[in-house]
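S.K.:
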Amino acid sequence: MTLEQFRWKGEFPKIGIRPTIDGRRKGVRESLEAQTMGMATAVAELLSSTLRYPNGEPVQCVIADSTIGGVAESAACAEKFAREGVGVSITVTPCWCYGSETMDMDPSIPKAVWGFNGTERPGAVYLAAVLAAHAQKGLPAFGIYGEDVQDAADTSIPEDVKAKLIAFAKAGLAVAYMKGKSYLSMGSVSMGIAGSIVNDNFLQEYLGMRTEYIDMSEFVRRMDEGIYDPEEFEKALAWVKENCKEGVDNNPEEIQQPRELKDQNWETVVKMTMIARDLMVGNPRLDELGFGEEAQGHNAVVSGFQGQRQWTDHFPNGDFMEAMLNSSFDWNGIRAPYLVATENDFLNGVVMLFGNLLTNTAQIFADVRTYWSKESVKRVTGYDLEGYAKEGMLHLINSGSATLDGTGVQSKDGQPVMKPFWEISEEEAQKCLDATSWRPASVEYFRGGGYSSNFLTRGGMPMTMARLNLVKGIGPVLQIAEGYSVDLPDHVHQTLNDRTDPTWPTTWFAPILTGEGAFTSVYEVMNNWGANHGAISYGHIGADLITLASMLRIPVNMHNVAKDRIFRPKAWSLFGTENLEGVDYRACENFGPLYK
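Numbering (the working numbering), first residue to last: 715 to 1310.
(1) Assuming contact is defined by CB atoms lying nearer than 8 Å, are ASN1106 and VAL1015 in contact in what I supplied?
(2) Taking Cβ positions, are GLY1114 and SER1199 nearer each other than 8 Å?
(3) Does the beta-carbon distance from VAL827 to ALA890 come in below 8 Å?
(4) For VAL962, which option in GLU793, PRO1216, TYR840 and SER1251 has the closest C-alpha, if you only look at C-alpha atoms?
(5) Could you give the DSSP three-state label for TYR1159: helix, strand or coil?
(6) For THR764, report the span of its beta strand (DSSP E) as first-last.
(7) Which residue or residues does DSSP assign as beta-bridge partners of GLU1196?
(8) Rounded to a whole number of angstroms, what is the C-alpha to C-alpha distance between VAL1082 and VAL1206?
(9) If contacts are defined as beta-carbon pairs under 8 Å, then SER1042 and PRO1051 qualify, I think. What distance do you get, rounded to the angstrom?
(10) So THR1221 packs on LEU1110, CB below 8 Å; how close in whole Å?
(11) In terms of alpha-carbon separation, which member of ALA1232, VAL863 and ASP1119 lies closest to GLU834?
(12) By a C-beta neighbour count over all protein chains shown, 10 Å radius and 16 as the cutoff for buried, is SER910 buried or exposed?
(13) For the pair the region 1011-1025 and the region 923-940, tell me if three or more CB-CB distances fall below 8 Å.
(14) Looking only at C-alpha atoms, which of ARG797, VAL1065 and THR805 sits nearest to SER1251?
(15) Under DSSP, the alpha helix (DSSP H) around LEU1110 begins and ends at which residues?
(16) Examine the Cβ distances between the region 810-825 and the region 836-848 and report whether three or more of them are shorter than 8 Å.
(17) Within this structure, are the beta carbons of HIS1247 and GLU1196 separated by less than 8 Å?
(18) Should GLY901 be labelled buried (16 or more other beta-carbon atoms within 10 Å of its own) or exposed?
(19) If we call anything under 8 Å between Cβ atoms a contact, is ALA1037 one with SER1017?
(20) Between the beta-carbon of MET1272 and the beta-carbon of GLY886, is there less than 8 Å?
(21) When you compare only the Cα positions, how much space is there between VAL1297 and ALA1285?
(22) What does the alpha-carbon distance come out to for the pair ALA711 and VAL806?
(23) Quick check on DSSP: helix, strand or coil for LEU1202?
(24) Report yes if the CB atom of ALA1149 is closer than 8 Å to the CB atom of PHE1169, and no otherwise.
(25) To which residues does DSSP link ALA1249 through a beta bridge?
(26) Is DSSP giving TYR1309 helix, strand or coil here?
(27) Just checking my contact of ILE731 with ILE804 at CB under 8 Å: how many whole Å lie between their CB atoms?
(28) Using three-state DSSP, classify THR925 as helix, strand or coil.
(29) Taking the Cβ atom as the reference point for each residue, do LEU917 and TYR897 lie within a distance shorter than 8 Å?
(30) The beta strand (DSSP E) with ILE1260 in it runs from where to where?
(31) For a test of the three-state rule: what should DSSP assign to THR1217, helix, strand or coil?
(32) Assuming contact is defined by CB atoms lying nearer than 8 Å, are GLY922 and LYS884 in contact in what I supplied?
(33) Specify the secondary structure class of GLU1137 as computed by DSSP and reduced to three states.
(34) Sorted by chain position, which residues of the same chain lie with C-beta nearer than 7 Å to ALA843's C-beta, five sequence neighbours on each side aside?
(35) Going straight from the alpha carbon of ASP820 to that of ASP1127, what length do you get?
(36) Closer than 8 Å is the cut-off here; do at least three beta carbon pairs connect the region 759-766 with the region 739-749?
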């Protein structure tokens, strides 16, 4: 597909493997060459066979041309990594090396060191020494040290080491991929929502991203002047008519829009979807049509659409546009989602980007709207909550912008899942469409009309809800809640859902309670949530988010991730070992934003 190939026009960051070695020749270094380079090769094979880029291709690794025994070879490795587009580095060694001479000194590249746990050579001694050098120089690195002693001839990578290598590489690639990309702000502040006050300093200093801005009038210009592919529009409109079933109009009859206007709105929202995508990533077809400037796009990996109210008081709302772009398929087939934040909430958009880069799956944007206690549910419906929701649940619902992948009708081993696009079948994409109806928007909210996606997420999916907040005097803080989607009896869902806007998609979510902090009850999770929105990812990825946040120097203010799953740079332990939440804040403040 030409458009998708154009979308991925830049190079993806590579993982650099640095095999370091004892520099003493005439016996010592020579005896270690094969083992050291073998470790590098094994790590490269592990990561390339496990991880994929956002376009589905295997991650590429670059190994230094030689083992690194001193500063000259370290410099040669750095030069090669720069040429090859390396964005993440992993140093491996089975032995003692000269720490400050062999370490990676690039301040903006996430870095880790694996020191082989063996008794024949002191790889663990080098690991401790070089991590101390990293801390002393203000270049925090992740330390990887296997729990069990290995024999010198053992070329395998232990399972605990594998897990840390993969966790580090996943988060490191996310950091590297964001650098130099854009957040596209389509419009400005929506209804006074703080998250849509786009903070370009945060994006620049913490993520290495630039901020691009366009006024929503650009949509009108492109529609009026035909700055979109007319052939694709006809194809898209026909596909929408066949696959996007229109639902019941809940508006009072006297204010329902006439059929002619509803049909016109379908045409408008399809054009809006194409235009938003083209604004984000460009479209070579526009160049062929004589719009060379517009064909380039804004190099955006995530965007936000203000919508309310300056747009939606007159034009159809952005729900269809946002929902379809956030999904893993459209009229052009199955493809990676384009991330769009509702109401231009860039802080939620950034967390959607985090989740997408860590999992390669679509992300759900939702209001964290209502806490339902088991007592309240019993009072209203007569039903006793059970299973994951036995202690209460959260109603996640927003105006129809959530990804259609969030229906949960994709499956693996008989269980509901959300998959990377390359694992989704045509049948599963169709099931997502069939499970969704498009309800005419409430014209009391959206005077210009439009269509909101309406579906109910299947229960039983492991999910992680996260949110980024900005605090004056501190900066960004991240909060995380792992949990599960919940199934309710139809009449219970209907009764609860009808108390809000039933034209929107619903996910019933039960966070996992730990009995500590904000996770003593579902009420406390809701009570401590920092904003009105949350980004929801498939899977329990809280540990990966914590690792990523530490690389970016963003502290985590609440989470329910088990202590033994948390992986942060070794230097964090130098700020204390008891209150890890406080440790995280102190370390992030000390080292500061990655790109400042």
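Where is the CB? At the ideal position from N, CA and C, for every residue including glycine. Nothing here was measured: the structure is a model prediction, and the numbers come from that model.
M.R.: Looking at the coordinates:
(1) Reading off the sequence, residue 1106 comes out as Gly, not Asn. No, Cβ-Cβ distance for GLY1106 and VAL1015 is not below 8 Å.
(2) no
(3) no
(4) PRO1216
(5) coil
(6) That residue, THR764, is in no beta strand (DSSP E); its alpha helix (DSSP H) goes 742-764.
(7) THR1178
(8) 19 Å
(9) 5 Å
(10) 4 Å
(11) VAL863
(12) buried
(13) yes
(14) VAL1065
(15) First-last for LEU1110: 1107-1111, but that is the beta strand (DSSP E), not the alpha helix (DSSP H).
(16) yes
(17) no
(18) buried
(19) no
(20) no
(21) 10 Å
(22) Because residue 711 is not part of the residues shown, which for the chain are 715 to 1310, the question remains open.
(23) coil
(24) yes
(25) PHE1079 and ALA1180
(26) coil
(27) 6 Å
(28) strand
(29) yes
(30) Taken as a continuous stretch (DSSP letters only), ILE1260 belongs to no beta strand (DSSP E), being part of the alpha helix (DSSP H) at 1256-1266.
(31) coil
(32) no
(33) helix
(34) GLY813
(35) 43 Å
(36) no
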